[in-house]
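Written below as structure tokens is the structure these notes are about.
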């Protein structure tokens, strides 16, 4: 790239950084830093909100899958009722089990 630095460049840089900033310059610098920090925090919060929304959407079960699950549950319940000698106990167990999975 051919970048060369000579003594004058170094002196100029040191001279610029050795100057004391005025109160106005310090306040302006502080203001800029605060704005940068606010933008950074805002974008992080937005990203976190988007991630949370994505998580919530991924937990939603499609209606078709729910329909299939309830159909299978109905078949299983019917099978248990048909072949178990104590139909009342089976129905009670099914309703308790079903209720526990709803939460």
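In the UniProt record's numbering, the protein residues as written are 1 to 103.
By construction, the Cβ of each residue, glycine as well, lies at the ideal position given by its N, Cα and C atoms.
On a predicted model such as this, the values are computed, not experimentally measured, just so you know.
Counting along the chain, residue 39 sits inside the alpha helix (DSSP H) bounded by residues 23–58. Counted as a single uninterrupted DSSP element, the alpha helix (DSSP H) harbouring residue 82 occupies residues 63–83.
Between the alpha carbons of residue 63 and residue 43 lies a distance of about 34 Å. Rounded to whole angstroms, residue 5 and residue 17 show a C-alpha spacing of 17 Å. Assignment of residue 6 by DSSP, reduced to helix, strand and coil, places it in the coil class. For the pair residue 41 and residue 20, the Cα-to-Cα distance works out to about 30 Å.
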